[in-house]
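Encoded as structure tokens, the structure appears first; notes follow it.
In full-length UniProt numbering, the protein residues as written are 1 to 610.
As structure tokens, this is what we get:
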């Protein structure tokens, strides 16, 4: 098909001197690395398990087709055509929309602060994995060396290492506590690695991305192969993917599916716009959007197989230990010969004994041993990585090697996502000329990374985990929905659908199909509005709270639910509004500037009259 005529665009807007990727593979892997992150490993499997296994894939795929891919295509296309970062793109579309770009920069900055703190946690676990036995294998001895730490015995060695020896978490968010020096050093090291990898933009990122984007797939494959050979892996996968269709009647399922697509593809961060701006103008951005989005979703499914095959092994192991403890209690109470009761015969023998000697059986410390209950103990977020999966690794032969592989995979996943987040911050700064031209890019990058490190030290306090949860829940939710809505509406109705389709025809050689035009004009905006209303509705139904780690022995292993104090709620409101305030603020500033210019022009005497 013949290319459409080039749309009218100033030569300066095409960015003739802008750097370019060395090859298509660098760009493709950078987008994959940015999109595929920690959420693919520890949130998608949890959502599948929570919302009916295979049934969850139905709303997930619907959201992918009508929300994820269309908005993703918009970001790649507009970045590639205008060849600018997020601020430059929206300024070129309309000066009144410059606040959208600034909002994306602010949002990426906030997310980078806490995301790299998670990378620092991963680095701490990675460094501790080079030990045998692993430090979370057993409880440490008490001060008198006569027993074990009571707090650890009340929970578990894995939980104690996470909450006490890693976070040293406070019992209340009001108690900031002191900085944990080991986390501070890991945070400094994480930011140093990020700086070295992005020091010269895509020139350095493009080289490192070959490792950071591909290494996680190698480790995932190793875990899939090993996980499928573990006893109980089949039970884990059956539990994960068994469809429970009645759960689809719950509106929360559809909301979580839509938001998972949104966060998984890293939409509205500005990173994809920045990456696409370094492309050749004739690149097929439509094909890239579809392929990258599908690879991202398939990675989530692939990771789910690896995660739940291992968690199925852990659940089976815990179930067998539970049965063995009950069997030992029966043997001791009723003087059975050792090994006389097998796991297969346990239930029948227990029913017989309970019918014959019910009082004696009732006095025994027997626990309910159901495999489904142990499979239900999976967790989302850091709990999956630092508690559930970490405990599962302990049961695997050669545990330290598997721990090194697992946390090495998480570390590289986090780094590749950080590359995109920081590119979304630094590229617009370079476009608008934040610093004089004689200041090298390396200096600007260093200043940004240093400032982020200093602000992120709050996450190394004893209350740091609580603040990280606040940033994750507040800074990266409402902002993304509104910014993405403004993106798709801004392109469809301000930039103009005809002009945008002409741009795509010039870049790809074919005009967008009715599917693309319909989703950009109607479906995606309406879907985003629906998610926004549902999110606000659910948010208003219950007060904001957090789960605090209470060191009191009798409360273990549960965490105590607490309400946020007033000053924390005020901070939450500021975090949720900070990126969005740019949008009306810049639009108002532009309007006042235009009015002032019009008044000055009207007041100026007509020099052409005699």
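Heads up, the beta-carbon is just placed ideally off N, CA and C, and yes, glycines get one too. Remember, it's a predicted structure, so these values are computed and weren't measured experimentally.
Do residue 421 and residue 212 have their C-beta atoms closer together than 8 Å? Here residue 421 refers to the residue found at position 421 of the chain shown. Here residue 212 refers to the residue found at position 212 of the chain shown. No, these two residues do not count as a Cβ contact at 8 Å.
What does DSSP give as the partner residues of residue 561 in its beta bridges? Here residue 561 refers to the residue found at position 561 of the chain shown. According to DSSP, residue 561 bridges with 547.
Which of helix, strand or coil DSSP assigns to residue 141: Your numbering for residue 141 matches position 141 in the chain shown. Strand.
Contact check, residue 90 vs residue 433, beta carbons under 8 Å: For this step, residue 90 is matched to residue 90 along the chain shown. For this step, residue 433 is matched to residue 433 along the chain shown. For the 8 Å CB-CB criterion, residue 90 and residue 433 do not form a contact.
Within 10 Å of its beta-carbon, does residue 191 have 16 or more other beta-carbons around it, so buried, or fewer, so exposed? Working through the chain shown from its first residue, we reach residue 191 at position 191. Here residue 191 is buried: its Cβ has 16 or more other Cβ atoms, across all protein chains shown, within 10 Å.
Kindly give me the distance between the Cβ atoms of residue 477 and residue 177, rounded to whole angstroms, as I take these residues to be in contact under 8 Å. Translated into the one-based positions of the chain shown, residue 477 becomes position 477. Translated into the one-based positions of the chain shown, residue 177 becomes position 177. Actually they do not touch by this definition, with Cβ atoms about 27 Å apart.
Hey, would you say residue 88 sits closer than 8 Å to residue 376, going by beta carbons? For this step, residue 88 is matched to residue 88 along the chain shown. For this step, residue 376 is matched to residue 376 along the chain shown. Taking 8 Å as the Cβ cut-off, residue 88 and residue 376 do not qualify as a contacting pair.
If we require 3 or more residues per run, which beta strand (DSSP E) segments fall completely within the region 366 to 420? Here no run is fully enclosed.
Pick helix, strand or coil for residue 461, following the three-state DSSP scheme. For this step, residue 461 is matched to residue 461 along the chain shown. Strand, per DSSP.
C-alpha distance - residue 352 paired with residue 389, whole-angstrom precision: For this step, residue 352 is matched to residue 352 along the chain shown. For this step, residue 389 is matched to residue 389 along the chain shown. Near 37 Å, if we compare the C-alpha coordinates of residue 389 and residue 352.
Label residue 592 either buried or exposed according to how many other C-beta atoms from any shown protein chain fall within 10 Å of its C-beta, with 16 as the threshold for buried. Taking the chain shown and counting its residues from 1, one reaches residue 592 at position 592. Under a 10 Å Cβ-count criterion, residue 592 is classified as exposed, with fewer than 16 other Cβ atoms of the shown protein chains found around its own Cβ.
Cα-Cα separation between residue 302 and residue 567, rounded to whole angstroms: Working through the chain shown from its first residue, we reach residue 302 at position 302. Working through the chain shown from its first residue, we reach residue 567 at position 567. In a straight line, the C-alpha of residue 302 is about 42 Å away from that of residue 567.
Between the beta-carbon of residue 74 and the beta-carbon of residue 488, is there less than 8 Å? For the purposes of this step, residue 74 is identified with residue 74 of the chain shown, where counting begins at 1. For the purposes of this step, residue 488 is identified with residue 488 of the chain shown, where counting begins at 1. It is a contact, given that the beta carbons lie within the stated cut-off.
Does the distance from the C-beta atom of residue 309 to that of residue 392 stay below 8 Å? Counting from 1 along the chain shown, the entry for residue 309 is found at position 309. Counting from 1 along the chain shown, the entry for residue 392 is found at position 392. Residue 309 places its beta carbon 8 Å or farther from that of residue 392.
Please confirm whether residue 179 and residue 461 have their CB atoms less than 8 Å apart. Here residue 179 is taken as the residue at index 179 of the chain shown, counted from 1. Here residue 461 is taken as the residue at index 461 of the chain shown, counted from 1. Less than 8 Å separates the beta-carbon of residue 179 from that of residue 461.
What residue from 383, 189, 244 has the CA that sits closest to residue 123's CA? Here residue 123 refers to the residue found at position 123 when the chain shown is read from its first residue. Here the closest residue by C-alpha is 189.
With C-beta atoms as the reference, is residue 277 less than 8 Å away from residue 103? In the chain shown, residue 277 corresponds to position 277, counting from 1. In the chain shown, residue 103 corresponds to position 103, counting from 1. Cβ distance not < 8 Å, so residue 277 and residue 103 don't count as in contact.
Less than 8 Å between the CB atoms is what I'm expecting for residue 326 and residue 395, so what's the real figure, rounded? Along the chain shown, read from residue 1 onward, the residue named residue 326 stands at position 326. Along the chain shown, read from residue 1 onward, the residue named residue 395 stands at position 395. Wrong, their Cβ atoms sit about 19 Å apart, outside the cutoff.
Residue 148 by DSSP, collapsed to three states: which one? Looking up residue 148 in the chain shown gives position 148. In this structure, residue 148 counts as strand in the three-state DSSP scheme.
Do you know whose CA, among 438, 386, 338, 246, lies nearest residue 163's CA? Position 163 of the chain shown, counted from the first residue, corresponds to residue 163. With distances taken between Cα atoms, residue 163 lies closest to 386.
Mind checking which residues open and close the alpha helix (DSSP H) that includes residue 338? Looking up residue 338 in the chain shown gives position 338. Where residue 338 is concerned, there is no enclosing alpha helix (DSSP H), given that its DSSP letter is neither H nor E.
If contacts are defined as beta-carbon pairs under 8 Å, then residue 169 and residue 549 qualify, I think. What distance do you get, rounded to the angstrom? Along the chain shown, read from residue 1 onward, the residue named residue 169 stands at position 169. Along the chain shown, read from residue 1 onward, the residue named residue 549 stands at position 549. Going by Cβ atoms, the distance from residue 169 to residue 549 rounds to 5 Å, so yes, they are a contact pair.
Reference residue 159; option with closest CA among 369, 72, 37, 384: Mapped onto the chain shown, residue 159 falls at position 159. Minimum Cα-Cα distance from residue 159 among the listed residues 369, 72, 37, 384 corresponds to 384.
Counting beta carbon pairs with one atom in the region 240 to 249 and one in the region 45 to 58, are three or more of them shorter than 8 Å? They touch, by the three-pair rule.
Count the other CB atoms, across all protein chains shown, that sit within 10 Å of the CB of residue 271; report buried if there are 16 or more and exposed otherwise. As a position in the chain shown, residue 271 is number 271, starting the count at 1. Buried, by the Cβ-count rule.
Please classify residue 21 as buried or exposed, where buried requires at least 16 other C-beta atoms within 10 Å of its C-beta. What you label residue 21 is simply residue 21 of the chain shown in a count that begins at 1. Flag for residue 21 reads buried.
Within its chain, find whatever has a CB closer than 6 Å to the CB of residue 360; leave out the 5 residues flanking it on each side and keep chain order. Your numbering for residue 360 matches position 360 in the chain shown. There are no such residues.
Are there 16 or more other CB atoms within 10 angstroms of the CB of residue 261, so buried, or fewer, so exposed? Looking up residue 261 in the chain shown gives position 261. Around the beta carbon of residue 261, 16 or more other beta carbons sit within 10 angstroms, so the residue counts as buried.
Can you give me the Cβ contacts of residue 531 inside the same chain, cut-off strictly under 7 Å, excluding the 5 residues immediately before and after it? Numbered from its first residue, the chain shown carries residue 531 at position 531. Once the five neighbours on either side are set aside, the close Cβ partners of residue 531 are 255, 258, 259, 481.
Whose C-beta lies closer than 6 Å to the C-beta of residue 199 among residues of the same chain, with five residues either side of it excluded? Taking the first residue of the chain shown as 1, we reach residue 199 at position 199. For residue 199, the CB contacts under 6 Å within the same chain, skipping 5 residues up- and downstream, are 442, 445 in chain order.
Compute the distance between the beta-carbons of residue 266 and residue 34, then report whether it is under 8 Å. If you number the chain shown from 1, residue 266 lands on position 266. If you number the chain shown from 1, residue 34 lands on position 34. When the beta-carbon positions are compared, residue 266 and residue 34 come within less than 8 Å of each other.
Work out the CA separation of residue 77 and residue 533 for me, nearest whole Å. Mapped onto the chain shown, residue 533 falls at position 533. Mapped onto the chain shown, residue 77 falls at position 77. For residue 533 and residue 77, the distance between alpha carbons rounds to 28 Å.
Do the CB positions of residue 220 and residue 429 come within less than 8 Å of each other? The sequence position of residue 220 within the chain shown is 220, counting from 1. The sequence position of residue 429 within the chain shown is 429, counting from 1. No; because the gap between Cβ atoms is not below 8 Å, this pair is not in contact.
Just verifying my parser: in three-state terms, what is the DSSP assignment at residue 62? For the purposes of this step, residue 62 is taken as residue 62 along the chain shown, with counting starting at 1. Here residue 62 sits in helix by DSSP.
In the DSSP output, which residue or residues are listed as bridge partners for residue 179? For the purposes of this step, residue 179 is identified with residue 179 of the chain shown, where counting begins at 1. Beta-bridge partners of residue 179 (DSSP): 461.
Report yes if the C-beta distance between residue 366 and residue 329 is below 8 Å; otherwise report no. Position 366 of the chain shown, counted from the first residue, corresponds to residue 366. Position 329 of the chain shown, counted from the first residue, corresponds to residue 329. Against a cut-off of 8 Å, the Cβ pair of residue 329 and residue 366 comes out as a contact.
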